[in-house]
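Chemist:
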Amino acid sequence: MKLTTSTGWKPVPSDPTRHATDITWGWDELRKDTGVRCRLHDLRHTFATRLAENGVSESTMLALMGHMSRSMLERYSHIRMAAKRDAVAGVTLSQKGENSEVVPVKVPVVEQVVPIQ
Numbered sequence: 296m297k298l299t300t301s302t303g304w305k306p307v308p309s310d311p312t313r314h315a316t317d318i319t320w321g322w323d324e325l326r327k328d329t330g331v332r333c334r335l336h337d338l339r340h341t342f343a344t345r346l347a348e349n350g351v352s353e354s355t356m357l358a359l360m361g362h363m364s365r366s367m368l369e370r371y372s373h374i375r376m377a378a379k380r381d382a383v384a385g386v387t388l389s390q391k392g393e394n395s396e397v398v399p400v401k402v403p404v405v406e407q408v409v410p411i412q
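FYI, in our numbering the residues of the sequence shown are 296 to 412.
Below you can see the structure in the form of structure tokens.
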């Protein structure tokens, strides 16, 4: 087992037959070798957000993310403004007569309101 002094003396995995208990060192090495600039935890947030934006059910998201509660899921998923704009752009008003299954609602029209003196 090697030792590193980047954050004090910390064991660095050197035995491929042993289970990894901390992936921080591996992530740091990967970032160094590839030039990736995000934090490991950023990937978790991105994954949750993309699942939510693609309409994945909450129960499926909980299973995929390994969360036990909706509040934890909400902490990780952040719907982007672009996705919100796309959702609103998809809502359209139908022209009169386009949707024959809708029952028209009559809105009462108030003539002129006379103020009480």
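For every residue, glycine included, the Cβ atom is placed at its ideal position computed from N, Cα and C.
Alpha carbon to alpha carbon, what distance is there between F342 and A315?
Modeler: Approximately 23 angstroms between the Cα atoms of the pair.
Chemist: Should the segment 356-366 be regarded as contacting the segment 318-325, the criterion being three or more beta carbon pairs within less than 8 angstroms?
Modeler: Segments in contact, no.
Chemist: Among residues of its own chain, excluding the 5 on either side of H373, which ones have a beta-carbon nearer than 6 angstroms to its beta-carbon?
Modeler: Here the set comprises T344.
Chemist: Am I right that M360 and Y371 are in contact with their C-beta atoms under 8 angstroms? What's the rounded C-beta distance?
Modeler: Their Cβ separation, rounded to whole angstroms, is 7 angstroms, which keeps M360 and Y371 in contact under 8 angstroms.
Chemist: So what does DSSP say about I411, is it helix, strand or coil?
Modeler: Three-state result, I411: coil.
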